[in-house]
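Q: Quick one: the structure is below, and I'll ask about it shortly.
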Amino acid sequence: MQEKQFTVEDPLGLHARPAGLIVKEAQRYPCEITLTVQGSGKSASAKGLFGLLGLGVRQGDLLTLITDGQNETEALHGVGAVIKERLGKA
Amino acid sequence: MKEFSGQGVSHGVCVGRAAVWKKRTYHSPKEGKDTQSPQAAWESFLAARQEAARTLEQLYAESCSTLGEENAAIFSVQGMMIEDEDLAAMVQRAIFEDGCDSVTAVKRAATRMAAVLEEMSDDYLRGRAADVRDIAERLIGCLTGEGEDIPVLPPYPCILCAEELTPAQTARLDKTRVLGFVTAHGSDTSHTAILARSLGLPAVVGVGEAAIKEIRAGETLAMDASKGRVCLAPDEKTLQALAQERQEQKLVQARQEKFRGKPTRTKSGHSLLLYANAALPGDIETVLAGDAEGIGLFRSEFLYLGREDAPDEEEQYRVYADVLRRMEGRRVIIRTLDIGGDKQAACLKMAREENPALGCRAVRHSLLHPSLFLTQARALLRAAKEGRLSVMFPLISSVQELRDVLSLWEKAREAVGTSAEIELGIMIETPAAALISDELAAMVDFFSIGTNDLTQYTLAMDRQNELLRPFWQPHHPALLSLIRTVVENAKRAGIWVGICGELGADSDLTEHFVRMGVDELSVAPSQILALRERIAQIE
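Protein sequence lines, in the order shown, are assigned to chains A and B. With my numbering, letter number 61 in the first sequence gets 165, and the count goes up by one each step, no holes. With my numbering, letter number 280 in the second sequence gets 1107, and the count goes up by one each step, no holes.
Below, the structure written as structure tokens:
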């Protein structure tokens, strides 16, 4: 299992477009990939659009990306890069 | 008379007869386990999903070229939603565990998804619930074979009233037959609002279902979009007030219409070129309708956005040739690919950067990917004979960069072997370029000052950043000083210089620019007549 944290800097939080890109990237890996919002404790699979949108992620939120299983390291880097580029700094 | 209020999402006053459009109500196959086996229901869902996803891809591609990538993005998001695994899982459960037929299963899943989104405190996410309903409608249309729901318009120009308009319906609205629209749902960030603004249609959204139900087809409606007011069967007083406002707007328009077809000149006879900025081939109509004398900035990025593979030389050639022909000999200045920063193109598979605004964009990207640049260059060179083409390179910041790009251009010219006269110029949008503009002026035929980026780089501010509003100074003396330097260096070298950024349309600065010696202003098509009038007032 691998994990990494990100702070959401996008004023729009996690909106549909970046969520969709995260999902697209996450679906490339066989392992489990989850995103958890610190504070609310809500978490969702990064492979489902509605799950991600349902997290209600806002600017300033701290996200934890967890990958678990086959190719988990690649997944962490791949999905992490999309999150970093689309939402903010790691 | 009844008054409704909602959110005005665009400007304009209009009076007209209502066209009421009701959403189609589906007749779902009989509910129950006996009509369609669960496996068959699941398979029809999968087939419907595939069909719907394909249509959305088409809509996306179409809209990219007619409405621009920003607006077309809606369809890309809907495409993602339709392929979502969670949605599919819900449909599967409804079919196999609850025994629903395919249509009911989709409705159930969509309702649940929409509910989740509607509960969010974020306006934007709440707005996505409408997208869920929209894709459900699309799936059901595929399942029942009824296809897409497209509003039928009456033979007279009307004000369209509906509970909700889907992005696909709004994107395809015939502007010549619709004066404006009113919807029960919707918000400022809804797709309908965004599309209304880019279509230039007055629209009021969110008046509520009760209000919409009161409107009958053919009844007179008066709408003042900026105030979010809609009047059903308006009384005299209201009609008069609106008529007055329209009168005032018309007077201004008529006054400015006098300048249509006239040369752009000051009182003392000094002339300037008034061009228009364009982003898509679809903008040409608006450019000509605005009475532009040419196109001062034709952005070529649309060719690369929203697609898997980059456009080849043939495709590009056809597009450029078409634009040149339609402009009928008026000068068209096409800017080479200005990608990067906030403009990302999937087909170019660009590297992720820490700081895209200061990154591998525009001409830098072109120099690092010469074959991409050469393809565009060859297409432009071939198209040149169809009209009067000028080409400019974006984001130049050094003499060496310019030298390299000019030598690449020469390579393309040799390959194509054309003798067409093509002016070559550069955008001045970095402080570096402005400060060495004396050296750069010796190497090109013209400058075009990109004030949007120049202001950002000079003030070191992101103009989209709300926090910086108290600090943003579009008329900052440093900026004006840089512009002056550029203009003076251009004049000294005997080349022409224009402005293609937003500052060009700023009437407070027009006289200043004219006195400086700016030769050309390239602005939004709707600003041209107003600017011509302004210039005619200068001595």
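C-beta: ideal position from N, C-alpha, C; glycine also. Note that the structure is predicted; figures quoted are calculated from it, not measured.
Between the segment 1024–1032 of chain B and the segment 828–841 of chain B, are three or more C-beta pairs nearer than 8 Å?
A: Touching, yes, given that three or more Cβ pairs across the two stretches are closer than 8 Å.
Q: Assuming residue 168 of chain A and residue 107 of chain A are in contact, meaning their beta carbons sit under 8 Å apart, how far apart are those beta carbons, in whole angstroms?
A: With a Cβ gap of about 6 Å, residue 168 of chain A and residue 107 of chain A count as contacting.
Q: Alpha helix (DSSP H) containing residue 1043 of chain B: first to last residue?
A: No alpha helix (DSSP H) holds residue 1043 of chain B; DSSP gives it neither H nor E.
Q: Report yes if the CB atom of residue 1222 of chain B is closer than 8 Å to the CB atom of residue 1257 of chain B, and no otherwise.
A: It is a contact, given that the beta carbons lie within the stated cut-off.
Q: Who are residue 1065 of chain B's beta bridge partners in DSSP?
A: Answer is none; residue 1065 of chain B lacks a bridge partner.
Q: Can you tell me whether residue 1316 of chain B is helix, strand or coil according to DSSP?
A: If DSSP states are grouped into helix, strand and coil, residue 1316 of chain B belongs with the helices.
Q: Name, please, each residue of chain B whose Cβ falls closer than 7 Å to the Cβ of residue 151 of chain A.
A: Simply 912.
Q: Would you please verify whether the beta carbon of residue 189 of chain A is less than 8 Å from any beta carbon of chain B?
A: Chain B contact via Cβ: present.
Q: Which chain B residues sit within Cβ distance under 7 Å of residue 121 of chain A?
A: Here the neighbours are 900, 904.
Q: For residue 1179 of chain B, decide whether its Cβ has a neighbour in chain A, counting only Cβ atoms nearer than 8 Å.
A: Residue 1179 of chain B counts as touching chain A.
Q: Bridge partners of residue 1104 of chain B, per DSSP?
A: Partner(s): B:1124.
Q: Are the segment 1066–1078 of chain B and the segment 1111–1118 of chain B touching, with three or more C-beta to C-beta distances below 8 Å?
A: Touching, no.
Q: Below 8 Å on the Cβ atoms is my guess for residue 185 of chain A versus residue 156 of chain A; work out the distance and round it to an integer in Å.
A: Going by Cβ atoms, the distance from residue 185 of chain A to residue 156 of chain A rounds to 16 Å, so no, they are not a contact pair.
Q: At the 8 Å Cβ level, is residue 1288 of chain B part of the contact set with chain A, yes or no?
A: Judged by the 8 Å Cβ criterion, residue 1288 of chain B is not in contact with chain A.
Q: Compute the Euclidean distance between the alpha carbons of residue 1289 of chain B and residue 1199 of chain B, then round it to the nearest angstrom.
A: In a straight line, the C-alpha of residue 1289 of chain B is about 29 Å away from that of residue 1199 of chain B.
Q: Less than 6 Å between C-beta atoms, sequence neighbours within five positions excluded: which residues of the same chain meet that for residue 1038 of chain B?
A: Excluding sequence neighbours, residue 1038 of chain B sits near 831.
Q: Taking only three categories from DSSP, how would you classify residue 1263 of chain B?
A: Here residue 1263 of chain B sits in coil by DSSP.
Q: Does the beta carbon of residue 881 of chain B sit closer than 8 Å to a beta carbon anywhere in chain A?
A: Chain A, which has no Cβ nearer than 8 Å to the Cβ of residue 881 of chain B, makes this no.
Q: Judging by CA-CA distance, which residue of B:1125, B:849, B:1177, B:1187 is the nearest neighbour of residue 1159 of chain B?
A: Checking every option, the nearest Cα to that of residue 1159 of chain B belongs to B:1125.
Q: Output, in chain order, the set of chain A residues within a Cβ distance shorter than 7 Å of residue 908 of chain B.
A: In chain order: 153.
Q: Do residue 149 of chain A and residue 140 of chain A have their C-beta atoms within less than 8 Å of each other?
A: No, Cβ-Cβ distance for residue 149 of chain A and residue 140 of chain A is not below 8 Å.
Q: Where does residue 182 of chain A sit, in a helix, a strand or coil, going by DSSP?
A: Residue 182 of chain A falls in the helix class under three-state DSSP.
Q: With distance defined between alpha-carbon atoms, name the residue in B:1047, B:1013, B:1195 nearest to residue 1032 of chain B.
A: That would be B:1013, whose Cα lies nearest to the Cα of residue 1032 of chain B.
Q: Please confirm whether residue 994 of chain B and residue 1086 of chain B have their CB atoms less than 8 Å apart.
A: Not a contact, by the Cβ cut-off of 8 Å.
Q: Can you pull the chain B neighbours of residue 195 of chain A, defined as C-beta to C-beta under 8 Å?
A: The structure shown does not extend to residue 195 of chain A, since chain A is modelled only from 105 to 194, so the question has no answer here.
Q: So residue 157 of chain A contacts chain B; which residues on that side make the cut at Cβ distance below 7 Å?
A: In chain order: 944, 952, 955.
Q: Exposed or buried, which one is residue 176 of chain A when buried takes at least 16 other CB atoms within 10 Å?
A: Buried, since its Cβ has 16 or more Cβ neighbours within 10 Å.
Q: At what residues does the beta strand (DSSP E) containing residue 848 of chain B begin and finish?
A: Residues 840–848.
Q: Spatial neighbours of residue 1082 of chain B within its chain, please: C-beta separation below 8 Å, excluding the five flanking residues on both sides.
A: 1360, listed in sequence order.
Q: Quick check: the segment 840–851 of chain B against the segment 914–923 of chain B, are at least 3 beta-carbon pairs closer than 8 Å?
A: Result no; under three Cβ-Cβ pairs closer than 8 Å.
Q: By how many angstroms is the C-alpha of residue 988 of chain B removed from the C-alpha of residue 858 of chain B?
A: At residue 858 of chain B, the pLDDT of 45 sits below 50, so the modelled position is not reliable and the matter cannot be decided from this model.
Q: Could you name the residues of chain B that residue 95 of chain A contacts, counting a contact when the two beta carbons are closer than 7 Å?
A: Chain A is shown from 105 up to 194; residue 95 of chain A falls before or after that span and cannot be answered.
Q: Select from B:1294, B:841, B:952 the residue whose C-alpha is nearest the C-alpha of residue 1059 of chain B.
A: Checking every option, the nearest Cα to that of residue 1059 of chain B belongs to B:841.
Q: In whole angstroms, what separates the C-alpha of residue 1278 of chain B from that of residue 1269 of chain B?
A: Approximately 21 Å between the Cα atoms of the pair.
Q: Applying a beta-carbon distance threshold of less than 9 Å, which residues of chain B neighbour residue 164 of chain A?
A: Here the premise fails: no neighbours, minimum Cβ distance about 13 Å.
Q: Between residue 145 of chain A and chain E, is the shortest Cβ-Cβ distance under 8 Å, so that the two count as touching?
A: In the structure shown, chain E cannot be found, because the protein chains are A and B.
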